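**Q** Here the sequence shown stands for residues 1 to 463, where the numbers follow full-length UniProt numbering. Each residue gets a CB set at the ideal place from its N, CA and C atoms; glycine is no exception. Just so you know, these numbers come straight off a predicted model, no measurement behind them.
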Amino acid sequence: MAEYDFDVLVIGSGPGGYVAAIRAAQLGLRTACVESRETLGGTCLNVGCIPSKAMLHASELFDHAANGTMAKLGIKVTPELDLPQMHAQRVDAVKQLTGGIAFLFKKNKVEWIKGRGAFVDAHTVQVGERTVTAKDIVIATGSSVTALPGVTIDQKIIVDSTGALELERVPEHMVVIGGGVIGLELGSVWRRLGAKVTCVEYLDQILPGFDGEIRKESNKIFKKQGIEFKLSTKVTGVAVNGDKATLTLEPAAGGAAETLEADVVLVSIGRKPNTDGLALENAGLSVNQRGQIETGHRFETSVSGIWAIGDVIPGPMLAHKAEDEGIAVAENIAGLTGIVNHDIIPSVVYTWPEIAGVGLTEEAAREKGEVKVGKFPMMANSRAKTNHEPDGFVKIIADAKSDRVLGVWCIAVPGGTMIAQAAQAMEFGATSEDIAYTCHAHPTHSEAIKEAAMAVQGKPIHI
Ligand code: FAD
Ligand code: NAI
Numbered sequence: 001m002a003e004y005d006f007d008v009l010v011i012g013s014g015p016g017g018y019v020a021a022i023r024a025a026q027l028g029l030r031t032a033c034v035e036s037r038e039t040l041g042g043t044c045l046n047v048g049c050i051p052s053k054a055m056l057h058a059s060e061l062f063d064h065a066a067n068g069t070m071a072k073l074g075i076k077v078t079p080e081l082d083l084p085q086m087h088a089q090r091v092d093a094v095k096q097l098t099g100g101i102a103f104l105f106k107k108n109k110v111e112w113i114k115g116r117g118a119f120v121d122a123h124t125v126q127v128g129e130r131t132v133t134a135k136d137i138v139i140a141t142g143s144s145v146t147a148l149p150g151v152t153i154d155q156k157i158i159v160d161s162t163g164a165l166e167l168e169r170v171p172e173h174m175v176v177i178g179g180g181v182i183g184l185e186l187g188s189v190w191r192r193l194g195a196k197v198t199c200v201e202y203l204d205q206i207l208p209g210f211d212g213e214i215r216k217e218s219n220k221i222f223k224k225q226g227i228e229f230k231l232s233t234k235v236t237g238v239a240v241n242g243d244k245a246t247l248t249l250e251p252a253a254g255g256a257a258e259t260l261e262a263d264v265v266l267v268s269i270g271r272k273p274n275t276d277g278l279a280l281e282n283a284g285l286s287v288n289q290r291g292q293i294e295t296g297h298r299f300e301t302s303v304s305g306i307w308a309i310g311d312v313i314p315g316p317m318l319a320h321k322a323e324d325e326g327i328a329v330a331e332n333i334a335g336l337t338g339i340v341n342h343d344i345i346p347s348v349v350y351t352w353p354e355i356a357g358v359g360l361t362e363e364a365a366r367e368k369g370e371v372k373v374g375k376f377p378m379m380a381n382s383r384a385k386t387n388h389e390p391d392g393f394v395k396i397i398a399d400a401k402s403d404r405v406l407g408v409w410c411i412a413v414p415g416g417t418m419i420a421q422a423a424q425a426m427e428f429g430a431t432s433e434d435i436a437y438t439c440h441a442h443p444t445h446s447e448a449i450k451e452a453a454m455a456v457q458g459k460p461i462h463i
């Protein structure tokens, strides 16, 4: 009889956990996955990436119809919002995709153990009545919303991203606390559907972590689209009276307070790792100051045979980072060499246009040494111009001596798709000259990447 019930037990079925489980099973390991939700797929499929993109796509088309973009193309329409149907297609997308993971688990013979997992010891996890043992255990429990002290989320007037995806009517005035990715994506959804949206951001600029010029230009574009910003401002309290909320705001540097009325307040000030209730101490594990589980580059924790991946460990909280770590951890457990290059993880904000980047910001690159920078405006890209998509630019940062590409940033309608070629080029150690001399199909938005690379070389054609 086998010493353990399973070779691998994964806790959490988000993009980190479900991918790790499937890859481990593909490699011949007897695998199970513990998940407490009713459906598989974690934050990403249930309440994150997928439902937010369903609402972003639908609201984008509504906005094109309502605000004249389609009329410019010679299509006159007066759209009528059917919000229940918009929600129904979101729910359907989630149902299809979470069901797809259940199918993949069956196909790969991964057992889904339903319930919350807690460590008994380094090889044993308790799930409800069931005690499960495994040679290797992968913690992939993800993250949940960071609360604002003193502010209670009721999912009606004060909502987090989950509540903001499900609003039953378009708010008159939505105040978004936090000008990060969630605030801008979900603020954009409700702005497009007719809400007045005000975004309160503690820092002096939105989108922390993005390239400085990209942050400034994004701010301009969102303002043009009707989102109002209160930068360098902190929310010190939110009081609910009947069906309205009153926010108290103060300048971040201190000063006179002001109030702001809203009928929906979205709290989107970041996310924190999920480790509560895991009883990590029973396995000899602890968390760092930020509540994360630390691992080495193979994703093994300080306890041999316990591994961790995704939002629960340090690094950007992104689904594709979690997925790649899921593949790598399974390969490492199976005795192969699984590696993730954390220097090349693209980030995308799925607004219109999309905002995307990979590698170093110009600021970070300049701190490391001399750089060359090439830029190309989307206004000069023939496809973007033809499609009436003039906003944005591509920017490439290369090492001044070696010409090796250090970072690529763009604001462009299909920026999230365009950034993949930049990530691949950087993964292969490309120089800006390599990109400049790669033939790009015409007319495509991606030609702006080639032209930005030519600008690094000092010889763009179309500007
Ligand atoms: P999660 O997806 O959080 O999954 C963890 C799972 O573990 C959960 O299902 C949870 O129920 C389960 N779990 C936790 N503890 C236990 C336990 N003790 N026992 C059993 N089960 C447990 N990222 C992108 O890259 N692109 C996007 O477009 C994007 N959009 C987003 C939009 C929103 C609104 C939000 C909130 C997030 C978005 N993200 C996006 C981030 C992305 O969702 C996360 O980075 C990703 O889901 C992390 O994957 P994970 O596997 O680490 O954890
Ligand atoms: P975030 O970290 O992106 O942004 C939070 C913002 O809130 C920051 O700008 C911060 O300065 C600000 N802030 C913090 N406290 C504040 C306060 N008291 N008052 C005003 N502003 C305050 O976090 P967000 O948007 O909640 O997203 C969480 C995570 O989910 C991110 O790490 C992101 O990677 C992931 N995500 C990714 C998406 C994507 O890839 N497209 C989409 C949505 C979420």
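List the residues that DSSP assigns as beta-bridge partners of T31.
**A** Position 31 of the sequence shown holds residue 31. In the DSSP output, where bridge partners are listed per residue, T31 has V8.
**Q** I want to check one thing, is the minimum distance from the CB of L53 to the heavy atoms of the ligand FAD below 7 angstroms?
**A** Stepping through the sequence shown from its first residue, residue 53 is reached at position 53. The sequence as given places Lys at residue 53; Leu does not occur at that position. Within the cutoff, so yes.
**Q** Opposite T361 in the DSSP bridges: which residues?
**A** Here residue 361 is taken as the residue at index 361 of the sequence shown, counted from 1. BP columns for T361 are empty, so no partner.
**Q** Expressed to the nearest angstrom, what Euclidean distance is found between the alpha-carbon atoms of K107 and H123?
**A** Start at 1 with the first residue of the sequence shown, and residue 107 comes out as number 107. Start at 1 with the first residue of the sequence shown, and residue 123 comes out as number 123. Going by the C-alpha atoms only, they are around 26 angstroms apart.
**Q** If you compare alpha carbons, which of H440, A334, I344 is closest to D136?
**A** Your numbering for residue 136 matches position 136 in the sequence shown. Closest option to D136, Cα to Cα, is A334.
**Q** Please classify N241 as buried or exposed, where buried requires at least 16 other C-beta atoms within 10 Å of its C-beta.
**A** Taking the sequence shown and counting its residues from 1, the one referred to as residue 241 is at position 241. Exposed is the call here.
**Q** For the putative contact between D211 and G357, defined by C-beta atoms under 8 angstroms, what is the C-beta separation to the nearest angstrom?
**A** As a first step, residue 211 is located in the sequence shown; it is residue number 211 there, counting from the start. As a first step, residue 357 is located in the sequence shown; it is residue number 357 there, counting from the start. D211 to G357, Cβ: 6 angstroms. Contact.
**Q** Determine the DSSP secondary structure at L406, reduced to helix, strand or coil.
**A** As a first step, residue 406 is located in the sequence shown; it is residue number 406 there, counting from the start. In this structure, L406 counts as strand in the three-state DSSP scheme.
**Q** According to DSSP, what are the bridge partners of N67?
**A** Looking up residue 67 in the sequence shown gives position 67. The partner list for N67 (beta bridge, DSSP) is empty, contrary to what the question assumes.
**Q** Looking only at its own chain, which residues have a Cβ that is under 6 angstroms from the Cβ of L45, when we skip the five neighbours before and after it?
**A** If you number the sequence shown from 1, residue 45 lands on position 45. If we look at L45 and ignore the five residues flanking it on each side, its Cβ neighbours are L97, T98.
**Q** Hey, would you say the C-beta of A140 is under 7 angstroms away from at least one heavy atom of the ligand FAD?
**A** Your numbering for residue 140 matches position 140 in the sequence shown. True, at least one ligand heavy atom lies under 7 angstroms from that Cβ.
**Q** A448 CB to nearest chain D CB: under 8 angstroms?
**A** Absent from the structure: chain D. Only one protein chain is present.
**Q** Rounded to whole angstroms, what's the CA-CA distance from I411 to E362? Just pull it up for me.
**A** Position 411 of the sequence shown, counting from 1, holds the residue named residue 411. Position 362 of the sequence shown, counting from 1, holds the residue named residue 362. So the two alpha carbons sit approximately 15 angstroms from each other.
**Q** Is it a yes or a no for the region 181 to 197 touching the region 215 to 231, going by three-plus beta-carbon pairs under 8 angstroms?
**A** Contact between the region 181 to 197 and the region 215 to 231 is present, because at least three Cβ pairs lie under 8 angstroms.
**Q** Could you tell me the distance, in whole angstroms, from the CA atom of A147 to the CA atom of I101?
**A** As a first step, residue 147 is located in the sequence shown; it is residue number 147 there, counting from the start. As a first step, residue 101 is located in the sequence shown; it is residue number 101 there, counting from the start. Cα to Cα, A147 sits roughly 30 angstroms from I101.
**Q** Considering just the uninterrupted stretch of the alpha helix (DSSP H) at residue 493, what are its terminal residues?
**A** Nothing about residue 493 can be reported from this structure: the residues present for the chain run from 1 to 463 only.
**Q** Leaving out five residues before and five after H388 in sequence, what residues of the same chain have Cβ atoms less than 8 angstroms from its Cβ?
**A** Here residue 388 corresponds to residue number 388 of the sequence shown, with the count starting at 1. Cβ neighbours of H388 beyond the five flanking positions: T69, K72, L73.
**Q** Y350: buried (16+ other C-beta within 10 angstroms of its C-beta) or exposed?
**A** The residue given as residue 350 occupies position 350 in the sequence shown. Y350 should be labelled buried.
**Q** Output the boundary residues of the alpha helix (DSSP H) element that contains V264.
**A** By one-based count along the sequence shown, residue 264 stands at place 264. First-last for V264: 264 to 267, but that is the beta strand (DSSP E), not the alpha helix (DSSP H).
**Q** From D263 to H173, what distance separates their C-alpha atoms?
**A** The residue given as residue 263 occupies position 263 in the sequence shown. The residue given as residue 173 occupies position 173 in the sequence shown. D263 and H173: Cα-Cα distance of roughly 6 angstroms.
**Q** Any heavy atom of the ligand FAD closer than 7 angstroms to the CB of P15?
**A** Your numbering for residue 15 matches position 15 in the sequence shown. At least one heavy atom of the ligand FAD is nearer than 7 angstroms to the Cβ of P15, so yes.
**Q** Would you say W112 and F105 are within 8 angstroms of each other, going by their C-beta atoms?
**A** Working through the sequence shown from its first residue, we reach residue 112 at position 112. Working through the sequence shown from its first residue, we reach residue 105 at position 105. Yes, Cβ-Cβ distance for W112 and F105 is below 8 angstroms.
**Q** Are the region 311 to 330 and the region 4 to 18 touching, with three or more C-beta to C-beta distances below 8 angstroms?
**A** Touching, per the Cβ criterion.
**Q** In or out: L266 buried (at least 16 other Cβ within 10 Å) or exposed?
**A** On the sequence shown, residue 266 is found 266 positions in, with the first residue counted as 1. Buried, since its Cβ has 16 or more Cβ neighbours within 10 Å.
**Q** Quick one: does the C-beta of R290 sit closer than 7 angstroms to a heavy atom of the ligand FAD?
**A** Taking the sequence shown and counting its residues from 1, one reaches residue 290 at position 290. Answer for R290: no, Cβ out of range of the ligand FAD.
**Q** Mind checking which residues open and close the beta strand (DSSP E) that includes S144?
**A** As a first step, residue 144 must be located in the sequence shown, where it is residue number 144. Here the beta strand (DSSP E) through S144 covers 143 to 145.
**Q** Go through its chain and collect everything with a Cβ distance to V34's Cβ below 6 angstroms, but skip five positions before and after it.
**A** Walking along the sequence shown from the start, residue 34 turns up at place 34. Cβ neighbours of V34 beyond the five flanking positions: I11, I113, G117, V127.
**Q** Do A436 and Q457 have their C-beta atoms closer together than 8 angstroms?
**A** Here residue 436 corresponds to residue number 436 of the sequence shown, with the count starting at 1. Here residue 457 corresponds to residue number 457 of the sequence shown, with the count starting at 1. Cβ distance < 8 angstroms, so A436 and Q457 count as in contact.
**Q** Rounded to the nearest angstrom, what separates F6 and Q26 at their Cα positions?
**A** One-based indexing of the sequence shown puts residue 6 at position 6. One-based indexing of the sequence shown puts residue 26 at position 26. Those two C-alpha atoms are separated by around 14 angstroms.
**Q** For T43, which residues in the same chain have their Cβ closer than 6 angstroms to its Cβ, ignoring the five residues on either side in sequence?
**A** What you label residue 43 is simply residue 43 of the sequence shown in a count that begins at 1. Answer for T43: G14, G142, listed in chain order.
**Q** Taking the Cβ atom as the reference point for each residue, do P460 and F376 lie within a distance shorter than 8 angstroms?
**A** The residue labelled residue 460 in the question sits at position 460 within the sequence shown. The residue labelled residue 376 in the question sits at position 376 within the sequence shown. Taking 8 angstroms as the Cβ cut-off, P460 and F376 qualify as a contacting pair.
**Q** Cα-Cα, which of R169, S347, S144 is closest to K156?
**A** For the purposes of this step, residue 156 is taken as residue 156 along the sequence shown, with counting starting at 1. It is R169.
**Q** Per DSSP, what are the beta-bridge partners of T259 in this structure?
**A** Along the sequence shown, one-based indexing puts residue 259 at 259. Beta-bridge pairing links T259 to T248.
**Q** Suppose contacts are defined by Cβ-Cβ distances below 8 angstroms. Is A452 in contact with K395 by that definition?
**A** Taking the first residue of the sequence shown as position 1, residue 452 is located at position 452. Taking the first residue of the sequence shown as position 1, residue 395 is located at position 395. Closer than 8 angstroms, so yes.
**Q** Where DSSP assigns a beta bridge to N241, which residues make up the other side?
**A** By 1-based counting over the sequence shown, the position of residue 241 is 241. DSSP, once it has assigned bridges, lists K244 as partnering N241.
**Q** Between G315 and the ligand NAI, is the CB less than 7 angstroms from at least one heavy atom?
**A** Taking the first residue of the sequence shown as 1, we reach residue 315 at position 315. No, the ligand NAI has no heavy atom inside 7 angstroms of this Cβ.
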